[in-house]
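Enquirer: Take this structure first; my questions come after.
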Amino acid sequence: MTEQDKIQLGKTLWTIANDLRGSMNADDFRDYMLAFLFLRYLSDNYEEAAQKELGPDWPAQDEDDRRSPLAVLYEQNPADSEEFEKLMRRKVHYVIKPEYLWSSIAEQARTQSNEMLRTLQQGFRF
Numbered sequence: 041m042t043e044q045d046k047i048q049l050g051k052t053l054w055t056i057a058n059d060l061r062g063s064m065n066a067d068d069f070r071d072y073m074l075a076f077l078f079l080r081y082l083s084d085n086y087e088e089a090a091q092k093e094l095g096p097d098w099p100a101q102d103e104d105d106r107r108s109p110l111a112v113l114y115e116q117n118p119a120d121s122e123e124f125e126k127l128m129r130r131k132v133h134y135v136i137k138p139e140y141l142w143s144s145i146a147e148q149a150r151t152q153s154n155e156m157l158r159t160l161q162q163g164f165r166f
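Numbering (the numbering used here), first residue to last: 41 to 166.
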């Protein structure tokens, strides 16, 4: 990517952020965006660590299944979820329930679920 391309990308991203922000105060918008970025970062790291830990036991899914693989794991192995969470607390020092992962929130946004706001609130509390 050339320096000119980087400058153009930066301008484009800034314009998108301003459009998304609308009439919201810039500081408030920043706080919301940082929370979402942090959730995305934690979710990606958590799923990556879980996949590494589970190895061949990582759930296989159909192409049209948009659930998180961890949601599938919890559904298929409900008796093992508590032990899995203990393991993940030892390995990555935190747990994110499948319904609070970024992929689950993004799917709710994609489908315009009425539960998205409630799920986000519960996830941030968790």
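Even for Gly, the Cβ is constructed at its ideal location relative to N, Cα and C. Here the structure is a predicted model, which means the values were calculated and not measured.
Name the two residues that bound the continuous alpha helix (DSSP H) containing Thr159.
Expert: Met156 to Arg165 is the extent of the alpha helix (DSSP H) around Thr159.
Enquirer: Going by C-alpha distance, which of Leu157, Lys126 and Asn154 is nearest Ala90?
Expert: Checked all of Leu157, Lys126 and Asn154; the closest Cα to Ala90 is Lys126.
Enquirer: Quick check on the DSSP output: the alpha helix (DSSP H) that includes Gln91 runs from which residue to which?
Expert: Run containing Gln91: Ala66 to Leu94, per the alpha helix (DSSP H) assignment.
Enquirer: Are the segment 144-154 and the segment 104-113 in contact at 8 Å, needing three or more beta carbon pairs?
Expert: Yes: at least three Cβ pairs fall under 8 Å.
Enquirer: Would DSSP call Met41 helix, strand or coil?
Expert: Three-state DSSP puts Met41 in coil, outside helix and strand.
Enquirer: Is it right to say Glu87 is buried, meaning 16 or more other beta carbons lie within 10 angstroms of its own, or is it exposed?
Expert: Buried, by the Cβ-count rule.
Enquirer: Closest to Leu77 by C-alpha separation, out of Arg158, Gln162, Ile145 and Asn154, would be which residue?
Expert: The shortest Cα separation from Leu77 among Arg158, Gln162, Ile145 and Asn154 belongs to Ile145.
Enquirer: So, under 8 Å CB-CB, Asn85 and Val132 are touching, yes? Tell me the CB distance rounded to an integer number of Å.
Expert: Contact flag correct, Cβ pair sits at about 7 Å.
Enquirer: Does the beta-carbon of Gly50, which I'm using as the reference point, lie nearer than 6 Å to any heavy atom of the ligand FMN?
Expert: Ligands are entirely absent from the displayed structure, and the ligand FMN is therefore not among its contents.
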